[in-house]
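Protein sequence lines correspond, in order, to chains A and B.
All residue numbers for the first sequence refer to this note's numbering, where the first residue is 156 and numbers rise by one.
All residue numbers for the second sequence refer to this note's numbering, where the first residue is 156 and numbers rise by one.
I have placed the structure first, in the form of structure tokens, so that the comments after it can refer back to it.
There are 2 protein chains.
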Amino acid sequence: MEKINEVIKNIKDLDQGFMAKAKERLDNLTKPKESLGKLEELAKLIAGMTACENLSLAKKVIFTFASDHGATEEGISAFPKEVTAQMVYNFLTGGAGINVLANHIGARVVVADLGVACDLKPHKNLIIKKINYGTKNFTKGPAMSKDEALRSIAAGIDIFEQEYSAALIENTGGSVRGGQKGIDIIGTGEMGIGNTTASSAIAAVFTAKPVKLVTGKGTGIDEEGFENKIKAIEKAIKVNRPDCTNAIDVLAKVGGFEIGGLCGVMLAAAAKRVPVVIDGFISAAAALIAAGIEPKTKNYMIASHSSVEKGHKIILEYLGLKPLFDLNLRLGEGTGAALGISLAEASIKILTQMATFKSAGVSERVEE
Amino acid sequence: MEKINEVIKNIKDLDQGFMAKAKERLDNLTKPKESLGKLEELAKLIAGMTACENLSLAKKVIFTFASDHGATEEGISAFPKEVTAQMVYNFLTGGAGINVLANHIGARVVVADLGVACDLKPHKNLIIKKINYGTKNFTKGPAMSKDEALRSIAAGIDIFEQEYSAALIENTGGSVRGGQKGIDIIGTGEMGIGNTTASSAIAAVFTAKPVKLVTGKGTGIDEEGFENKIKAIEKAIKVNRPDCTNAIDVLAKVGGFEIGGLCGVMLAAAAKRVPVVIDGFISAAAALIAAGIEPKTKNYMIASHSSVEKGHKIILEYLGLKPLFDLNLRLGEGTGAALGISLAEASIKILTQMATFKSAGVSERVEE
Chain A
156 MEKINEVIKN IKDLDQGFMA KAKERLDNLT KPKESLGKLE ELAKLIAGMT
206 ACENLSLAKK VIFTFASDHG ATEEGISAFP KEVTAQMVYN FLTGGAGINV
256 LANHIGARVV VADLGVACDL KPHKNLIIKK INYGTKNFTK GPAMSKDEAL
306 RSIAAGIDIF EQEYSAALIE NTGGSVRGGQ KGIDIIGTGE MGIGNTTASS
356 AIAAVFTAKP VKLVTGKGTG IDEEGFENKI KAIEKAIKVN RPDCTNAIDV
406 LAKVGGFEIG GLCGVMLAAA AKRVPVVIDG FISAAAALIA AGIEPKTKNY
456 MIASHSSVEK GHKIILEYLG LKPLFDLNLR LGEGTGAALG ISLAEASIKI
506 LTQMATFKSA GVSERVEE
Chain B
156 MEKINEVIKN IKDLDQGFMA KAKERLDNLT KPKESLGKLE ELAKLIAGMT
206 ACENLSLAKK VIFTFASDHG ATEEGISAFP KEVTAQMVYN FLTGGAGINV
256 LANHIGARVV VADLGVACDL KPHKNLIIKK INYGTKNFTK GPAMSKDEAL
306 RSIAAGIDIF EQEYSAALIE NTGGSVRGGQ KGIDIIGTGE MGIGNTTASS
356 AIAAVFTAKP VKLVTGKGTG IDEEGFENKI KAIEKAIKVN RPDCTNAIDV
406 LAKVGGFEIG GLCGVMLAAA AKRVPVVIDG FISAAAALIA AGIEPKTKNY
456 MIASHSSVEK GHKIILEYLG LKPLFDLNLR LGEGTGAALG ISLAEASIKI
506 LTQMATFKSA GVSERVEE
């Protein structure tokens, strides 16, 4: 908990001065005022998050964390548990959806094993921070111990901080100028057969909505599987009684290691004033944990899309986040976040690269 | 009309074979079936439009056409008419919103003067196809003659075909292999003080909706200007009686030269099986004219966003197009189309670059 406390004391409010400066510039660019709608709001928000001069979102990283879930024993997923490990190899060889979309937007993908149920073959681009070989079946007791929950969050913090420092040294040769960042913006992503089940449980606990309202069909289960899933989540909550005022308790009892890891990434990014683009339902569940630990983390969150998983909208509303778009996505991995990062970068290019009325010699609107 | 007829006879149906092949591949990629939602639908659609092997959307062009509108005399815009010409220079020096977003997505912007009210200084990147020095005030008679309407469409066809041929020679050194295209995808954009007024008139005529329902505040007029705008449009329709079964008649009586030009671009692109990403309200009005001339042009249209201009949604519904996103944009120039093109390219990269279950050695879903 010490490391977590160390990080969260650095999570600050949005910088109102930078937001006001961004708004002033946006209003002077060669376009009708506010005519770029949500892109302008986004640019202003990111200015407040980053609070730096020479704002750029060139350095983009997506954190895709993998882990297994003991609740798969309950017949809650359309895919066998082995797929978690298989997909990790797919991430490492560049064949997954997130690889394609990260390439498309010029982002790097950081892949980590937080708790896959088998030993993965080492690979130069695989970070291994295995907390355990999958969580326990949460219908029979806590998914993990409190210590494991804390260690999963700490692992996420470590992974972010190592990437940040390494990138900073790589980009600057070690001589860091004021305000320069190792990473400009991040996206969160995950892979874990069974992890929509854990996420629905987290959503139900925090938002106090009935399980049925926050549970979807994940990768595409049939009606029987869907009934199993709802029953498993209801049982997990009944058996474990997670305390919604204690985010670590919720993570331990009904969460997952990749969810804890992503929560750690979110806290660490917020502490460095790095915007966090939330992907889908599982990332949003991690955001609930992060916001539960330190509500100011929400200042640094951008919701990319509205997922097909119906609990996603409910979490975003609870967090006060408005998604940028809805493309009926339900893949995870960080795919929606990648598209959201591209819009965020577009918004910052608008802010920093467009001409003003004055610089372009364009007449302003007729005085009313 | 001869040139237009020559083009439209080459506009074909979507290729069902390529669509089926795309669907088959999408269903075998390492992701739950259809979990990339609208991106998958888009990829399938583009496969049907382009009907080519080795599908890529690397060569992206946005056509941004400028022209003036005589109806500005009626006090219908928040900006003075001079802004049209000033913004053309801004496009040419790279300071406008469309320049920034086109750079962001790796697209080229083709800027053309279809009818700006003054003589523009020549510039190596400015195409001059001036039909006239702005349209006439359509509250007093037709905006342009029938001949001018036809010439504006033909000018758009010429501009597209020249760009297409030039790019094909540049990319291939003249030795074109089968199926290779000079341009892979286009976006439409425009600049013209007063052109939302013309577009509302076009929308009202085709959709038979009351003018009030298809008229918005354009660049941001006040209430008085808004009343002027509605009255001007109602008067234009009453005075000119455009025939909704004759798209050329509608263009001539209540349209604009940039709208005719974009209509020509759409027809020419469709004839080459090049997907057309529609920007906002004015581009959608041009799409109405194009679909009026040849309904199959709709096969090649992708609606990028849903604009703040309320007539936009109504036009898209009329055309049977569903926008990909809604970011409250109302700038035009092709800015929304640029973002839409990026999504289209993402969808094609998904289709062509992701691994299949077989190639990645990932287990498929459990048999039900």
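Quick reminder that beta carbons are idealized off the backbone N, C-alpha and C, glycines included.
What does a CB cutoff of less than 8 Å around residue i pick up in its chain, not counting 5 residues either side in sequence?
{"i": "K477 (chain A)", "result": "A458, L471"}
{"i": "T511 (chain A)", "result": "R180, N183, L184, T185"}
If we cut at 9 Å on Cβ distances, does residue i have a partner in chain A?
{"i": "Q317 (chain B)", "result": "no"}
{"i": "R263 (chain B)", "result": "no"}
{"i": "T490 (chain B)", "result": "yes"}
{"i": "L498 (chain B)", "result": "yes"}
{"i": "S518 (chain B)", "result": "yes"}
{"i": "E523 (chain B)", "result": "With a pLDDT of 44 at E523 (chain B), under the threshold of 50, the modelled position of this residue cannot be trusted; read the value that follows with caution. Output row for E523 (chain B): interface = yes."}
{"i": "L184 (chain B)", "result": "yes"}
{"i": "Q526 (chain B)", "result": "Shown here, chain B extends from 156 to 523; a query on residue 526 (chain B) therefore has no answer."}
{"i": "A387 (chain B)", "result": "no"}
{"i": "A353 (chain B)", "result": "no"}
Taking DSSP as the reference, what is the three-state secondary structure of residue i?
{"i": "T511 (chain B)", "result": "strand"}
{"i": "F173 (chain A)", "result": "helix"}
{"i": "V162 (chain A)", "result": "helix"}
{"i": "V266 (chain B)", "result": "strand"}
{"i": "M204 (chain A)", "result": "helix"}
{"i": "V394 (chain B)", "result": "helix"}
{"i": "I231 (chain B)", "result": "coil"}
{"i": "V429 (chain B)", "result": "coil"}
{"i": "K215 (chain A)", "result": "strand"}
{"i": "L471 (chain B)", "result": "helix"}
{"i": "L368 (chain B)", "result": "helix"}
{"i": "A439 (chain A)", "result": "helix"}
{"i": "A198 (chain A)", "result": "helix"}
{"i": "I340 (chain A)", "result": "strand"}
{"i": "N258 (chain B)", "result": "helix"}
{"i": "V243 (chain B)", "result": "helix"}
{"i": "F381 (chain A)", "result": "helix"}
{"i": "N287 (chain B)", "result": "coil"}
{"i": "G516 (chain A)", "result": "coil"}
So which residues of chain A does residue i contact, with C-beta pairs closer than 7 Å?
{"i": "N350 (chain B)", "result": "The premise fails here: N350 (chain B) is roughly 13 Å from chain A at the closest Cβ pair, so nothing lies under 7 Å."}
{"i": "F480 (chain B)", "result": "F480"}
For residue i, decide whether its Cβ has a neighbour in chain B, counting only Cβ atoms nearer than 9 Å.
{"i": "A515 (chain A)", "result": "yes"}
{"i": "I505 (chain A)", "result": "yes"}
{"i": "S222 (chain A)", "result": "no"}
{"i": "F436 (chain A)", "result": "no"}
{"i": "N245 (chain A)", "result": "yes"}
{"i": "N395 (chain A)", "result": "no"}
{"i": "T343 (chain A)", "result": "no"}
Could you pull the DSSP bridge partners for residue i from this structure?
{"i": "K188 (chain A)", "result": "DSSP output for K188 (chain A) lists no bridge partner at all."}
{"i": "E345 (chain A)", "result": "A:F220"}
{"i": "V271 (chain B)", "result": "V271 (chain B) is not bridged to any residue."}
{"i": "L281 (chain B)", "result": "B:V266"}
{"i": "H460 (chain A)", "result": "A:F480"}
Skipping 5 residues on each side, what residues in its chain have a beta carbon closer than 7 Å to that of residue i?
{"i": "L256 (chain A)", "result": "T490, A493, L494"}
{"i": "L169 (chain A)", "result": "G203, M204, N454"}
{"i": "V517 (chain A)", "result": "T185"}
{"i": "A439 (chain B)", "result": "I433, H467, I470, L471"}
{"i": "I388 (chain B)", "result": "T352, S355, A356, A359, V366, T370"}
What does a CB cutoff of less than 6 Å around residue i pick up in its chain, not counting 5 residues either side in sequence?
{"i": "L486 (chain B)", "result": "G252"}
{"i": "Y473 (chain B)", "result": "T362"}
{"i": "I376 (chain A)", "result": "A233"}
{"i": "I403 (chain A)", "result": "A304"}
{"i": "E519 (chain B)", "result": "F512"}
What residues from chain A crowd round residue i, counting only those whose CB sits closer than 8 Å?
{"i": "R485 (chain B)", "result": "P187, S190, G192"}
{"i": "E237 (chain B)", "result": "S518"}
{"i": "T374 (chain B)", "result": "P187, S190, R520"}
{"i": "L494 (chain B)", "result": "L498, A501"}
{"i": "L256 (chain B)", "result": "A501, K504, I505"}
{"i": "M346 (chain B)", "result": "None at all; the shortest Cβ gap to chain A is about 11 Å."}
Closer than 9 Å by beta-carbon distance: list the chain B residues that pair up with residue i, in chain order.
{"i": "V266 (chain A)", "result": "Result: empty, since nearest Cβ-Cβ is about 14 Å, beyond 9 Å."}
Note down, in chain order, every chain A residue with its Cβ under 9 Å from the Cβ of residue i.
{"i": "L278 (chain B)", "result": "Note that residue 278 (chain B) is His in the sequence shown here, rather than Leu. Near H278 (chain B) there are no residues of chain A at all, since even the closest Cβ is about 14 Å away, more than 9 Å."}
Against residue i, what residues of chain B qualify as contacts under a CB-to-CB distance less than 7 Å, listed in chain order?
{"i": "M204 (chain A)", "result": "Within 7 Å Cβ-Cβ: nothing; M204 (chain A) doesn't reach chain B, min ~19 Å."}
| said: Please list, in chain order, the residues of the segment 455 to 473 of chain B that have any C-beta partner in chain E closer than 8 Å. | reply: You won't find chain E in this structure, because its protein chains are A and B.
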